[in-house]
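The structure under discussion appears below in the form of structure tokens.
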Amino acid sequence: MIAPLDAILWIPLVAVPVLALVTDYRLGAALNVFASFLTLAAGISLLFVERVRTDVFIIDDFNIYLVTLTAFVGFTTSIFSATYISHELEIGRLTPAFLRFYHALYQAMIGAMNVALVANNTGLLWVGVEVATLSTVMMVGIYRTPEAVEAAWKYFILGSVGIALAFFGTILVYLVAQPVLGEGLSAMAWDKLVEKGTALDPKLLSLAFVFLLVGYGTKVGLAPFHAWLPDAHAEGPTPISAVLSGLLLNVALYALLRFKIVLATNPETLDVGAIMIALGLISLVFASFMLYRRRDIKRLFAYSSIEHMGIMTFAFGMGGPLANFAGLLHMTMHSLTKSAIFFAVGHIAQVKGTQRIADIRGLSTTHPVLAVGLTFGVLAIAGLPPFGVFLSEFMLVSSTFARQPIYAIILVFGLIIAFGALILRLQSVVFGEAKGPIGKVKASYIPLFVHLAFVLIAGLWLPEPVVRWFRAVAAQLG
Amino acid sequence: MTSISFDVAHLLAGSMLVLSFLLLYQDRITATLNVFALQAIMLSLAVAWQALIQEAPHLMVTALIALTVKGFVIPAALHRIVRRLGIHREIEQVIGGGPTMLTGLGLVALSILLVMPVGQGVSLLTREDLAFALAVILLGLLMMITRRNAVTQIIGFMSLENGLVLAASGAKGMPLVVEFSVAFSILIAFIVFGVFVFRIRERFDTVDVSALDRFRGERSDHS
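Below is the structure:
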């Protein structure tokens, strides 16, 4: 019997070389789904076994939920990816040789994200985020069009600069911890850092956090450092857009929050919350306005991801049980909804042969099922009841109004602007006179509607264990 | 003993910084590559010295990796690429040499101001090393910004990584895991870069990144 923790790390690791060697792309896609399914099973069984805590790995309420979410979205995206790539092969945008590469990288990315999530070590976390970034860079450039190469290059340069600054921050954190916790692994362990937080040098720790914030903040896609994000989403294969928005941004935010927990134990450090509030609100308002001028449908939803990462950062910056709860719920709901939207958008772009919003019209008459999926997805992400995103946004807005009315006004302003843009675009895409090809679509609807169903259920009724669990994590986040 | 160990560490880290400035105003690719190799060798010496004074033999491994991989293998490979692509010509700079150097000076001042006053619990040597390392990192960043050529951007990035390794080696007793991972990531980074250089070459018959600038933000037609 293998421990679930080992399984979530080893399955992707084994899958990488296997998938790189499989020449038949159908088998490769099937194996990719299979490996993702095994990882999901291991991730879920993680919930039922004893929590591990060693020098290298840690499982607690916070990351266990993200591991499960990552494994779940990783699995559904692998199903979507299987149908998506077979179409790309038909039209010749990808070749079987590239698909071997693609599947191996997909597993490498999932594995690296799992490493980052379960690491009890600031250095290992960094390695995980870096490897995940590099594998997505390669996948973004996989179409090899000038646009894709430019997007991958931009992503690579900005991503590595961010990751380099994060590494410098990691070294600084070690230096802070080393006099207190001694040399070696223990000075990089989350649990030890939190335990001894009050004894750490507050000034150096604050300096470290600035580097970490810029570094990991670049990966989160926060507003001044977001330039790579829309390009990477628009030019890569759509399954990658789905996991980028749904998972990788979360993992980067997770990294930031871990460091925030450490800083929160020491009252003399800089006010992390205030910085996160500012960055969050800037991202939200900026991205909301940018939504209006998008002509590319994937780019539109990429900006929407910036907006939502801004909301989450704001929520965690506010802190306190309610705002943290809202932030966690929003993280989950955004992952599920945004990846569902990308599933729909991927098929739509394939069937219409374009990503230009102006060329996609009247979807409700030509492809009603996709139109329904997209409509529900967009209504959910725009924050309409009864979906889960509404619930988390409502919680956040109401708790902010009670504490800082001015922030709440900015927040609501940003949300309304974004709402208008999304509905406007949705209307032109779904309704109106049909335009473009009306060919039949070979789509995998199951991942799309399963995600939407989860979002709907969460909006109507959050099960008691989930609520208890989120409360525990919210308390941990302080 | 302490004062000598201090002085040598200072000297080596300082020379790395000087080489960073040299990198900034090179206008030929081959010269840039040579300076980078020199910086990597200096880095390996600095790390080896840290291994000596910290009595941390595992740092020798890091020094050796820096020496062989970044001092010889990567520069040699890049030399080959440059020759094969026939791009010995001058590098286009976005900003002229003078302003770049001035900005560089400003960045060094900034890193000293940032690192030196904080962290009284950390030894002076470590803090100085850290200030040097941060300066090298920021200069690498500056080089990436001011150059248009893909190969020089790669060198800028690797120079930045040199600064990171210097910082990591200065942190007493930082586990080997991390250094190894840094070396590893450099390797990956190099592979990635290699792939990109060739892809860029294939598509545009140039390694000038500004050739990619035609594409700005929005796609005008579907592809």
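Chain order of the listed sequences is A and B. Everything in the first sequence is counted per the numbering used here, starting at 100 for the first residue and increasing by one. Everything in the second sequence is counted per the numbering used here, starting at 343 for the first residue and increasing by one. All residues carry an ideal CB built from backbone N, CA and C; glycine is no exception.
(message) Just to make sure I have the definition right: I need the residues of chain A whose C-beta is within less than 9 Å of the C-beta of B/Val464. Which are they?
(response) Listed by position along chain A, the residues whose Cβ is nearer than 9 Å to that of B/Val464 are Leu274, Val275, Gln277, Pro278, Asp300, Leu303.
(request) Would you check if the distance between the CB atom of B/Val457 and the CB atom of B/Met358 is smaller than 9 Å? (result) Pairing B/Val457 with B/Met358 gives a Cβ-Cβ distance that is not under 9 Å.
(message) Here's the rule I'm using: 16 or more other beta-carbon atoms within 10 Å means buried, otherwise exposed. How should A/Lys541 be labelled?
(response) Label assigned to A/Lys541: exposed.
(request) Starting from the C-beta of A/Leu118, find all residues in its chain whose C-beta is less than 7 Å away, skip the five residues before and the five after it, and write them out in chain order. (result) Excluding sequence neighbours, A/Leu118 sits near Gly127, Leu130, Asn131, Arg199, His202, Ala203, Gln206.
(request) Within the same chain, show all residues whose beta-carbon is closer than 7 Å to that of A/Pro301, passing over the 5 residues directly before and after it, in chain order. (result) Excluding residues within five positions, the ones whose Cβ falls inside 7 Å are Asn365, Glu367, Thr368.
(request) Pick helix, strand or coil for B/Gln396, following the three-state DSSP scheme. (result) Secondary structure at B/Gln396: coil, using DSSP grouped into helix, strand and coil.
(request) Could you spell out where the alpha helix (DSSP H) holding A/Ala207 opens and where it closes? (result) First-last of the alpha helix (DSSP H) with A/Ala207: 195 to 217.
(message) Are the CB atoms of A/Tyr506 and A/Phe385 within a distance shorter than 9 Å?
(response) The Cβ atoms of A/Phe385 and A/Tyr506 do not sit closer than 9 Å to each other.
(request) Give a yes or no on whether the C-beta atoms belonging to B/Ser509 and A/Phe308 are separated by under 9 Å. (result) First, the amino acid is wrong: residue 509 of chain B is Ala here, not Ser. Taking 9 Å as the cut-off, the Cβ atoms of B/Ala509 and A/Phe308 do not count as close.
(request) Pull up the DSSP beta-bridge partners for B/Arg489, would you. (result) Note: B/Arg489 sits in a beta bridge opposite B/Gln435.
(request) Specify the secondary structure class of A/Phe530 as computed by DSSP and reduced to three states. (result) For A/Phe530, the secondary structure class from DSSP, reduced to helix, strand or coil, is coil.
(request) Please report the residue range of the alpha helix (DSSP H) in which A/Pro278 lies. (result) Its alpha helix (DSSP H) spans residues 245 to 280.
(request) State the CB to CB distance for the pair A/Leu521 and A/Val477, rounded to an integer number of angstroms; the pair is presumed to be in contact (CB under 8 Å). (result) Here A/Leu521 really is in contact with A/Val477; their C-beta atoms are around 5 Å apart, less than 8 Å.
(request) For A/Arg150, write down the residues that DSSP places opposite it in a beta bridge. (result) According to DSSP, which records beta bridges pairwise, A/Arg150 is partnered with nothing at all.
(request) Could you confirm whether any beta carbon from chain A is found closer than 9 Å to the beta carbon of B/Val403? (result) It does not; no Cβ of chain A falls within 9 Å.
(message) According to DSSP, is A/Ile157 part of a helix, a strand, or is it coil?
(response) Reduced to three states, the DSSP call for A/Ile157 is strand.
(request) Could you pull out every residue in the same chain whose Cβ sits closer than 8 Å to the Cβ of A/Asn249, ignoring the five residues on either side in sequence? (result) With the sequence shown as reference, residue 249 of chain A is identified as Glu, and Asn is not the correct amino acid for it. Around A/Glu249: Asp330, Glu334.
(request) Would you mind reading off the limits of the alpha helix (DSSP H) that contains A/Gln575? (result) DSSP places A/Gln575 inside the alpha helix (DSSP H), whose first and last residues are 563 to 576.
(request) Kindly list, in the order they appear in chain A, the residues whose Cβ is closer than 7 Å to that of B/Val436. (result) In chain order: nothing, as chain A lies at least about 14 Å away.
(request) Verify whether the separation of the beta carbon atoms of A/Val279 and A/Leu299 is less than 9 Å. (result) Taking a C-beta distance under 9 Å as the contact criterion, A/Val279 and A/Leu299 qualify as a contact pair.
(message) Is the beta carbon of B/Ala405 closer than 9 Å to that of B/Val389?
(response) Contact flag set, yes.
(message) Would B/Met343 pass as an interface residue toward chain A - the criterion being a Cβ-Cβ separation below 9 Å?
(response) Its pLDDT being 48, under 50, B/Met343 is placed unreliably by the model, and the measurement read from it follows with that caveat. Answer no: the Cβ-Cβ gap between B/Met343 and chain A never drops below 9 Å.
(request) Go through its chain and collect everything with a Cβ distance to B/Ala475's Cβ below 8 Å, but skip five positions before and after it. (result) Cβ within range, chain order: Ala355, Gly505, Leu506, Leu508, Ala509, Gly512.
(request) Go ahead and label B/Glu544 buried or exposed: buried means 16 or more other beta carbons lie within 10 angstroms of its beta carbon, across all protein chains shown. (result) Because B/Glu544 carries a pLDDT of 49, less than 50, the predicted location of this residue cannot be relied on, and no value is offered for it.
(message) So, at 8 Å on beta carbons, what are the nonlocal neighbours of B/Phe363 in its own chain, with the 5 sequence-adjacent residues on each side left out?
(response) Taken in chain order, the residues that qualify are Met443, Gly446, Leu481.
(request) Going by CA-CA distance only, name the one from A/Val151, A/Tyr544, A/Ile516, A/Leu264 that's closest to A/Tyr391. (result) Comparing C-alpha distances from A/Tyr391 to each of A/Val151, A/Tyr544, A/Ile516, A/Leu264 shows the shortest one belongs to A/Ile516.
(message) Give me the DSSP bridge partner(s) of A/Arg357.
(response) According to DSSP, which records beta bridges pairwise, A/Arg357 is partnered with nothing at all.
(message) Just to make sure I have the definition right: I need the residues of chain A whose C-beta is within less than 7 Å of the C-beta of B/Ile479. Which are they?
(response) The answer, in chain order, is Ala263, Phe267.
(message) Classify B/Val360: buried if its beta carbon has 16 or more other beta carbons within 10 angstroms, exposed otherwise.
(response) So B/Val360 counts as exposed.
(message) Could you pull the DSSP bridge partners for A/Arg125 from this structure?
(response) None, per the DSSP bridge assignment.
(message) Measuring straight from C-alpha to C-alpha, what distance separates A/Phe388 and B/Pro517?
(response) In this model, A/Phe388 and B/Pro517 are separated by some 46 Å (Cα to Cα).
(request) Determine the chain A residues that contact B/Thr468 at a beta-carbon separation under 8 Å, and present them in chain order. (result) Going along chain A in sequence order, the residues near B/Thr468 (Cβ under 8 Å) are Leu274.
(message) In whole angstroms, give me the CA-to-CA distance for A/Leu292 and A/Val361.
(response) Those two C-alpha atoms are separated by around 6 Å.
(message) Taking only three categories from DSSP, how would you classify B/Glu544?
(response) Reliability fails at B/Glu544, whose pLDDT of 49 lies under 50, so the model's placement of it is uncertain and no value is given.
(request) Within 10 angstroms of the Cβ of A/Trp560, are there 16 or more other Cβ atoms? Answer buried if so, exposed if not. (result) When all chains shown are included, A/Trp560 counts as exposed.
(message) Looking at chain A, is there any beta carbon in it that lies within less than 9 Å of the beta carbon of B/Ala475?
(response) Interface residue, yes.
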